[in-house]
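J.:
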Amino acid sequence: TLLLAVSFLATMLTLSTSQVLPPPLLTATCPLPLELSPVLLTDQLTKLAASADYGNMVHVEPAAVAHPRSVEDISLLITTSYNCSLPYGVAARGNGHCTKGQGMVSDGVVLNMQSLSTGGNAGTKIVVSSDRTFADVSGGALWIEVLTEALKLGVAPVTWTDFLYLTVGGTLSNAGLGGQAFRFGPQIANVHEMDVVTGKGEVVTCSANKSSELFYGVLGGLGQFGVITRARIALAPAPQRVKWARLLYSDFATFSSDQEKIIANNAHPDSVDYIEGQVLLDNGTPNLWETSFFPTDAIPTITSLVNEKGIVYALEVVMYYNPANEAIKDQQMKQLIRQLKNDRGLAAMKDVTYYEFLTRVPVPDPSIPLAHPWLNLFVPKSGVSQFNDGVVRDIVMRANITVGPVLFYPVNRNKWDDKMSVVIPDEEIFYAFSLLSQSNVGDWQKYQDQNAAVLAYCEKAGIKVKQYLAGHSTQQDWIKHFGPKWAGFQQKKAQFDPKFILSPGQKIFN
Ligand code: FAD
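Just so we're aligned: the sequence shown equals residues -18 to -1, 1 to 492 in mature numbering (1 follows the signal peptide of the UniProt record, and there is no 0).
#1: Within 10 angstroms of the Cβ of Met(-7), are there 16 or more other Cβ atoms? Answer buried if so, exposed if not.
#2: With a cut-off of 8 Å, do at least 3 Cβ pairs link the segment 274 to 284 to the segment 191 to 198?
#3: Could you tell me whether the segment 52 to 59 touches the segment 420 to 429, where touching means 3 or more Cβ pairs closer than 8 Å?
#4: CA-CA distance, Ala246 and Val393?
#5: Could you check if Arg342 belongs to the surroundings of the ligand FAD, using beta carbon to heavy atom distance under 8 Å?
#6: Taking the alpha helix (DSSP H) that Val288 falls in, what are its first and last residues?
#7: What span of residues does the alpha helix (DSSP H) with Arg320 cover, start to end?
#8: Nearest-angstrom Cα distance between Ser63 and Lys29?
#9: For Asp255, which residues in the same chain have their Cβ closer than 7 Å to its Cβ, ignoring the five residues on either side in sequence?
#10: Whose C-alpha, out of Ser99, Asp425, Tyr391 and Asp312, is nearest the C-alpha of Leu159?
#11: What are the partner residues of Pro13, as DSSP defines its beta bridges?
#12: Would residue 499 and Lys363 be called neighbours here (beta carbons separated by less than 9 Å)?
#13: When the distance is taken between beta carbons, is Ala32 closer than 9 Å to Met86?
#14: Buried or exposed: where does Asp425 fall if 16 or more other Cβ atoms within 10 Å of its Cβ makes it buried?
#15: Does the beta carbon of Arg75 fall short of 8 Å from some heavy atom of the ligand FAD?
#16: Just to confirm the assignment, what range does the alpha helix (DSSP H) spanning Lys428 have?
#17: Report the residue ranges of all beta strand (DSSP E) runs contained in full by the segment 178 to 225; include only those spanning at least 3 residues, in chain order.
#18: Below 8 Å on the Cβ atoms is my guess for residue 494 versus Val53; work out the distance and round it to an integer in Å.
#19: Can you tell me whether Ile210 sits near the ligand FAD, meaning its C-beta is under 8 Å from at least one heavy atom of the ligand?
#20: Counting C-beta neighbours from all protein chains within 10 Å, is the total for Glu298 16 or more, i.e. buried, or is it exposed?
#21: Just the C-alpha distance for Ala476 and Ala452, rounded to the nearest angstrom, thanks.
#22: Measuring only the C-alpha atoms, how far is Asp264 from Ile377?
#23: Can you check which of these residues, Val294, Gly208, Pro355 and Asp333, is closest to residue 537 by C-alpha distance?
#24: What is the DSSP secondary structure of Lys134, counted as helix, strand or coil?
#25: Thinking C-alpha only, which one of Leu322, Asn396, Gly487 and Lys291 is nearest Glu410?
#26: Examine the ligand FAD and report whether any of its heavy atoms sits within less than 8 Å of the Cβ of Ala157.
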């Protein structure tokens, strides 16, 4: 009886052990690390979610989705691939807000970066330094989380994207551009240091002075050289409120000349703190952007102007202030508005909290599935007038299909460091132009055709635009995109990710 009982116990023990430690998960080419089994999800629902992004046009299925608990988990996952004869791809996924499958991987592992906290502070994604001049932030933290934590201590990052439900690692892999960039540069220009897991699985702390090749490579590096697990973000005292104005123009030359005058003043202490611009099109759909900002009695005038002209340009400026200097800021804003040459009377001003201003773009309703065939360009100043005629008027306005915001505003090149991987036009001032179209799922081809027509026009007219958040599909296109930076980019790939493991969805090397 005793022998039988021992043998039964042994069998049970073997069974339960085999339940705790299942055989390793496999990609087509390599086993995934057994130690990561608890954080590797392979159910269809999770894989489906990782096979889509905000664009909703590309769908690629991974073998598994990892929810890393630590930097070590990420390192182990990448090292295992690196040591395999046919490595699997690893794609960091921030919030999946790219539009062209850049965060996807076929038969590899998607890393859900939002599950990662900062090292040494279990569960914490954001740690503000004791002198409040910087925050150590997990690569998977959302910018809204950074804002909320920093504001508790009266500080905030200085430069923002328009929408804050994007991750720190995701925007630092691109640029992180918004209306503060003319003054403070993009988000990639406001990082002191990063922890990065390279394509060899090595964990490296890098900055402008330490492993600087990797540091500058990763900034705007499209996820090609390492997974950003921690970034040290510059902070400054946060203002409490903002004066926020929008002014309308029917003439592009006047609109852009006023924008450029404002950004030329960016070193002055009384400079505006934010500037953007939009193109309002007469496309038959009510434009929420205008109707939610301008007083109701101004809407008929705006609508008839847009109807008459087909296009109206809207300049947007913001000045930050604290209650103690409200009177001065109010005066400065009114003085600025008086100097600007907008169409008479078509200006409106709001006064909101800093938080309300930064969170002005709402989270889209997930129950309405849409595709987002976006085109984001950097247009050199020398070609911007021709771009306005050939693209905005002749292509976009005539096609009359664009639904969604169209952004158009200048930034200064001197706020960008050429050592960073991001590619921008070779002129002191260039414009960010975004066609943020949306369509029903599966109905996006006509928008992609319009985007292709815009690019073809620029090519033919010799306007040297650069795509931002690009989705080039061949290496030849990427080589052209990077231009003189290609050789350095390729050399860094060989150094930091020689087996082409990281972010294969960018289609640069894979
Ligand atoms: P993902 O889309 O998940 O990832 C983007 C790329 O970066 C992928 O290749 C991924 O593999 C890689 N990656 C992600 N995390 C890491 C990491 N930790 N380390 C290394 N690589 C990583 N951009 C602007 O600049 N300004 C804006 O104002 C702006 N507004 C936007 C508004 C909306 C509604 C949307 C949908 C996007 C907007 N974007 C804007 C674009 C945004 O910057 C990109 O979508 C960017 O990819 C960040 O999104 P994400 O954090 O979801 O990263």
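Backbone N, C-alpha and C fix where the C-beta goes; we use that ideal spot for every residue, glycine too.
T.: On the basis of the coordinates in this document:
#1: Residue numbering aside, residue -7 sits at position 12 when the sequence shown is read from its first letter. Only weak support is given to the placement of Met(-7): the predicted model assigns it a pLDDT of 41, under 50, and the question is left unresolved by the model.
#2: The segment 274 to 284, when compared against the segment 191 to 198, does not touch it at the 8 Å Cβ threshold.
#3: no
#4: Stepping through the sequence shown from its first residue, residue 246 is reached at position 264. Stepping through the sequence shown from its first residue, residue 393 is reached at position 411. Each residue's alpha carbon lies about 10 Å from the other.
#5: Locating residue 342 in the sequence shown gives position 360, where the first residue counts as 1. False, no ligand heavy atom lies under 8 Å from that Cβ.
#6: Here residue 288 refers to the residue found at position 306 of the sequence shown. Element bounds for Val288: Ile281 to Lys291.
#7: One-based indexing of the sequence shown puts residue 320 at position 338. Glu308 to Gln321 is the span of the alpha helix (DSSP H), which, as asked, contains Arg320.
#8: For the purposes of this step, residue 63 is taken as residue 81 along the sequence shown, with counting starting at 1. For the purposes of this step, residue 29 is taken as residue 47 along the sequence shown, with counting starting at 1. Going by the C-alpha atoms only, they are around 19 Å apart.
#9: Here residue 255 is taken as the residue at index 273 of the sequence shown, counted from 1. Result list for Asp255: Gln162, Arg165, Val300, Met301 and Tyr302, in chain order.
#10: Residue numbering aside, residue 159 sits at position 177 when the sequence shown is read from its first letter. That would be Tyr391, whose Cα lies nearest to the Cα of Leu159.
#11: Indexing the sequence shown from 1 puts residue 13 at position 31. Its beta-bridge partners are Leu8.
#12: Outside the modelled stretch of the chain, which goes from -18 to 492, sits residue 499, for which no answer is possible.
#13: Reading the sequence shown from its first residue, position 104 is the one you call residue 86. Reading the sequence shown from its first residue, position 50 is the one you call residue 32. Yes; because the gap between Cβ atoms is below 9 Å, this pair is in contact.
#14: For the purposes of this step, residue 425 is taken as the residue at position 443 of the sequence shown. Exposed: under 16 other Cβ atoms inside 10 Å.
#15: As a working mapping, residue 75 is identified with position 93 in the sequence shown. Because some heavy atom of the ligand FAD lies under 8 Å away, the Cβ of Arg75 counts as near it: yes.
#16: For this step, residue 428 is matched to residue 446 along the sequence shown. Run containing Lys428: Gln427 to Ala443, per the alpha helix (DSSP H) assignment.
#17: Within the segment 178 to 225, the runs of beta strand (DSSP E) at least 3 residues long that lie entirely inside it are, in chain order, 185 to 189 and 208 to 216.
#18: Here the chain comprises residues numbered -18 to 492, so residue 494 is not present and cannot be evaluated.
#19: Counted from its first residue, the sequence shown places residue 210 at position 228. Because some heavy atom of the ligand FAD lies under 8 Å away, the Cβ of Ile210 counts as near it: yes.
#20: Counting from 1 along the sequence shown, the entry for residue 298 is found at position 316. Counting Cβ neighbours within 10 Å, Glu298 comes out buried, since at least 16 surround it.
#21: As a working note, residue 476 is residue 494 in the sequence shown. As a working note, residue 452 is residue 470 in the sequence shown. About 22 Å.
#22: Here residue 264 is taken as the residue at index 282 of the sequence shown, counted from 1. Here residue 377 is taken as the residue at index 395 of the sequence shown, counted from 1. In a straight line, the C-alpha of Asp264 is about 14 Å away from that of Ile377.
#23: The structure shown does not extend to residue 537, since the chain is modelled only from -18 to 492, so the question has no answer here.
#24: Indexing the sequence shown from 1 puts residue 134 at position 152. Residue state, collapsed to three classes: coil.
#25: For this step, residue 410 is matched to residue 428 along the sequence shown. For the residues Leu322, Asn396, Gly487 and Lys291, the minimum Cα distance to Glu410 belongs to Asn396.
#26: Indexing the sequence shown from 1 puts residue 157 at position 175. Within 8 Å of the C-beta of Ala157 there is at least one heavy atom belonging to the ligand FAD.
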